[in-house]
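Residue numbers (the working numbering), protein chains in the order written: chain A, 1 to 728; chain B, 1001 to 1151.
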Amino acid sequence: MTELLNLSRRKFIIATGATGLTIGVLAACSKKPGEPDYSDLEANPEVNAWVHIDHDDTVTVRIARSEMGQGTLTGLAQLVAEELECDWAKVTTEYPTPGQNLARERVWGDFSTGGSSGIRRSHQYVREGAAAARIMLVEAAAKEWEVAVDECTVSKGVVSLKGSKKTLTYGKLASAAAQLAPPLEVVLKDPKDWTIIGQPKLRLDTADKLTGAQIYGSDVKLDGMLTASIRQSPQIGAKVKSFDAAAVRSMPGVKKVLQVDDDAVVVVADTWWHANKAVLALPVEWEGGVAFSSAEFEAELDDGLTSDDAFTGNKVGDIAPAFANAAKVVEASYNMPFQNHAPMEPMNATAIWTPEKCEVWCPTQNGEAALAAAASAAELPIEQCDVYKLLLGGGFGRRGMSDYVTQAVKIAKQMPGTPVKLQWSREEDMMHGFFHPTTKAKARGALDADGNLTGLHIRISGQSILAALMPQALANGMDFATFQGLLPSGVDARVEDQTLKYTFDNLLVDHAMRNPPVRPGFWRGVNANQNAIYLECFMDELAHEAGRDPLEFRLAHLKDSPKSQAVLKAVAETSGWGADDGKSRGLCNFYSFGSYTAACAEVTVDDDGNLKIDRIVAATDPGYAVNPQQVEAQVQGSFVYGLSALLYGEITFENGMAQQKNFDSFNSMRISEMPKVETLVMPSGGFWGGVGEPTIAVAAPAVLNAIYAATGKRIRQLPIKDQNLRDA
Amino acid sequence: MANLKVNGKSHTVDAEDDTPLLWVLRDHIGLTGAKYGCGIAQCGSCTVHVDGVAVRSCVYPLGALSGEEDITTIEGLSEAADHPVQQAWAELDVPQCGYCQPGMIMAVAGMLNTNPNPTDEDIDAEITNICRCGTFVRVREGIHLAKTKKA
């Protein structure tokens, strides 16, 4: 895969300052645990694009995407180091700010970090930038030696002159290289020549996480900073009618009691404990909320399972004759309740506002959106605002939203010149999420006398994320994202990475949109989570009803997707599928975010119905595995997220109020429940698929199918926490 | 005013008795390694040691301390980031986002203080911290590796 690329449309700048190292906010603050020093931020602004090389050969790679644990920061650095031909041991990273990106005509491209796109949607321009830098560095050496460029070789950041002992390091060449015009064309390496991409490099961001030195948004401390705790309307849609600030103003440490927007009250204090204690004690009257009940909403979801008002997401052939002529019709209904993202670090942002300037420190998956939100809340021109991204204490999609940034700025704006850190309590975080939407599905399958699936209908009923968050993305009212992983191939290039890989003669997938007043969000894996359950649990039911082996049954319908076959066969073989060893196994395969994934789960269900997930063999083909050990970590981690939802995850609403407020009622699986996970990383090359999300989808269906293998009972309702897995 | 010994240093803090140790550490002493995750002793992100025993500092009131206890936070676990757990964690790249890891590491170090050779069953019983990134497979590997390391 050697490509000639025209770089004339891109800016690539490599430069060194007179003093060498330029330090961004992260580098500065991570050196001083507990007392980060942001004082030189203004005096020492960033000036470079992708790569900065210090005189001591330290290579600083600029990372536009956010790091929230998924390893993108290290992966992107590997992409750069590969084409730069630098010494991996001398690579460090930093984030440019969204404000700098804006000022430099978005030289770093898109900052948003979601959809498992951090690497797959930026690998090209990042590698081009690094390759251009290498060419300029070599050219600088050639000029120094007065030789042709092809007389030079480069390895690990050292340029050598062929046939001599002359060498120059990148650090010595950087200043001269910065004066050269960027090359108009670069040739990217053939993947077979990669030495850094594809290697299980250790992460670049681990050390400070082991000592407490890592500064998260929650840990930000600025001179003179105060801390705020917030109470948002506990009921959907309710507004603040009144609050009695005087009742708490004399409590210890309280500095200010205020309202933010029309639905939240805030106490600003010297410490968070003081702020939170006072905000909890603050008498507030609310008015005008919505008495939404998730239990009652079930009826609307059920209505959508059979109603006529459905959008067609995928249609092949005609299912009507198939059902009319079926020897057997199989039917099953499934659900997915609301889920909270619940990242370990509750929402927070720190802001300082003056009439001239607004600055925000926050963990965000979308730095540019956070900047726009900050500017809007600050009522200042965006050029007078900036956002400093911190490492996220988990994101999972929640931190793609900027609600907490807006609030922090609006608080700071009421206290001009005083930095204020808004730290949500866990309860606020749990009750005021952008929840994974709730849906139900009714699946119907037509089998002929030979056990062949002749018709399949999956009706999804429930909430659309796009209708609430991105209505402009609806197509004549239809939310294509609802059909994630079930979409037809070859129809829309924008969603080709979320298409169905099974081949069916007669298929209908449609969606009756039923939108509750609960605000939805993009939750790790998004709609692939439930769609994989709806499809893959039902495929398992169909196989059993047809008297066929679930592996063979699936493979027959994967005849046009050899990559899907490969991952499915791999997990089956590795797990011992079909072995007569008394183990209860369940299979799943799914395609989403451009990657082929499969899992085989082994479970034990004891006589009392207690579940033990013993082992999951997982496979993923993301095309290229930039860092296989981090791919493995993402597979393992995604299973915790997906299985926690399967086992426990459920936000319910009564009278418009979320009933789960903390981890005691919104539980998350612990190490004792963690199965052994064997990960087969199977990059087949030629495409770039996602890693952080795709495998989450296969965990729950594989386990549910294994439960059936163990018990003969189908579990179709999530979560399974209150269900007996054995009794009818 | 209350006196505390944290990581070998004496501190005098002006905080009410009901203030959880977590917020004394974070907001009064400036040690932000221990994290706020739930405030109700569910998640363990706030785990520190009191006299070598792992406790969930988010529900440990300042008033319950006499001032004589040796409190250890992640910042004081080792001088050179070379506690066996830290070594193992680095070798296996355990953390993902890392937010829960100070608590996870302190919980594991606390377990090893009393049980230097934990079995998988011991780990299941004693390590109940929440990690939403899902690092459990490597946490378990890390514990077994840490058993083989010397400080």
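Virtual Cβ for every residue (Gly too), placed ideally from N, Cα, C.
| Item | Value |
| --- | --- |
| Assigned secondary structure, Pro1102 (chain B) (DSSP; H/G/I helix, E/B strand, else coil) | helix |
| Start and end residues, alpha helix (DSSP H) containing Gln414 (chain A) | No alpha helix (DSSP H) contains Gln414 (chain A), which DSSP labels as neither H nor E. |
| Burial state of Ile494 (chain A), where buried means 16 or more other Cβ atoms lie within 10 Å | Checking the sequence shown, residue 494 (chain A) turns out to be Arg, not Ile. Arg494 (chain A) is exposed by the Cβ-count criterion. |
| CB contact below 9 Å: Val640 (chain A) versus chain B | yes |
| Residue span of the beta strand (DSSP E) that contains Glu678 (chain A), given as start and end | Lys676 to Val681 |
| Buried/exposed call for Val149 (chain A), threshold 16 Cβ in 10 Å | exposed |
| Val677 (chain A) at chain B interface by Cβ criterion, 9 Å | yes |
| Cutoff 6 Å; reference Gly609 (chain A); Cβ partners in own chain excluding five residues on either side | Asn724, Leu725 and Arg726 |
| Cut-off 7 Å between Cβ atoms - residues of its own chain near Cys1097 (chain B), not counting five sequence neighbours on either side | Cys1133 |
| Contacts that Asp223 (chain A) makes with chain B (C-beta to C-beta distance below 8 Å) | Correct list: empty, because the minimum Cβ distance to chain B is about 13 Å. |
| Three-state secondary structure (DSSP) of Gly397 (chain A) | coil |
| From A:Val267, A:Ser684 and A:Gly237, residue whose alpha carbon lies closest to that of Ser250 (chain A) | A:Val267 |
| Nearest to Met431 (chain A) (by Cα), restricted to the options A:Glu82, A:Gly656 and A:Asn276 | A:Gly656 |
| Stretch-stretch touch, CB-based, cutoff 8 Å, three pairs: the segment 137-144 of chain A with the segment 87-96 of chain A | no |
| Chain-ordered neighbours of Arg1140 (chain B) on chain A, where CB pairs are closer than 8 Å | Ile671 and Met674 |
| Amino acids of chain B, ordered along the chain, whose beta-carbon sits closer than 7 Å to that of Thr206 (chain A) | Ala1090, Asp1093 and Pro1095 |
| Per-residue DSSP class, three states only, for Val691 (chain A) | coil |
| Members of the segment 330-344 of chain A that neighbour chain B once the beta carbon cut-off is set at 9 Å | His341, Ala342, Pro343 and Met344 |
| Cross-strand partners of Ser592 (chain A) (DSSP beta bridge) | A:Ser595 |
| Under 8 Å by beta carbon: chain B residues contacting Gly433 (chain A) | Per Cβ cutoff of 8 Å: no residues; Gly433 (chain A) is ~13 Å from chain B at best. |
| Cβ contact check for the segment 157-169 of chain A and the segment 181-197 of chain A: 3 or more pairs under 8 Å | no |
| Under 9 Å (Cβ pairs) to chain B, residues found in the segment 643-670 of chain A | Leu643, Ser644, Asn662, Phe663, Asp664, Asn667, Ser668, Met669 and Arg670 |
| Nonlocal neighbours in the same chain, by C-beta distance under 6 Å from Gly1033 (chain B), ignoring five residues either side | Thr1073, Ile1074, Glu1075 and Pro1102 |
| Check: Phe434 (chain A) C-beta below 8 Å from any heavy atom of the ligand GDP | Absence of the ligand GDP from the depicted structure is noted, as is the absence of any ligand whatsoever, leaving it without description. |
| Gln100 (chain A) - partner residues in DSSP beta bridges | DSSP output for Gln100 (chain A) lists no bridge partner at all. |
| Closer than 9 Å to chain B by CB, Ile533 (chain A) | no |
| Segment limits, alpha helix (DSSP H) that includes Ser575 (chain A) | Pro562 to Ser575 |
| Secondary structure of Cys537 (chain A), DSSP reduced to three states | helix |
| Distance CB(Tyr641 (chain A))-CB(Phe396 (chain A)) smaller than 9 Å | yes |
| Neighbour-count burial assignment, Gly1142 (chain B), 16 or more Cβ in a 10 Å radius | buried |
| Per-residue burial, Asp497 (chain A) [other beta carbons within 10 Å of its own, 16 or more giving buried] | buried |
| Run of the beta strand (DSSP E) containing Ser1010 (chain B), from where it starts to where it stops | Lys1009 to Val1013 |
| Burial state of Gln1110 (chain B) (16 or more Cβ within 10 Å) | The residue you asked about is not Gln; residue 1110 (chain B) is Gly in the sequence shown. Gly1110 (chain B) is buried by the Cβ-count criterion. |
| Beta carbon proximity, Leu742 (chain A) to chain B, threshold 9 Å | No statement about residue 742 (chain A) is possible, as the shown extent of chain A runs from 1 to 728 and does not include it. |
| Presumed contact (8 Å Cβ cut-off) between Glu678 (chain A) and Ser638 (chain A), rounded CB distance | Going by Cβ atoms, the distance from Glu678 (chain A) to Ser638 (chain A) rounds to 14 Å, so no, they are not a contact pair. |
| Rounded separation between Ile79 (chain A) and Thr60 (chain A) - CA only | Per the sequence presented here, residue 79 (chain A) reads as Leu, with Ile not at that position. Straight-line Cα distance between these residues: approximately 13 Å. |
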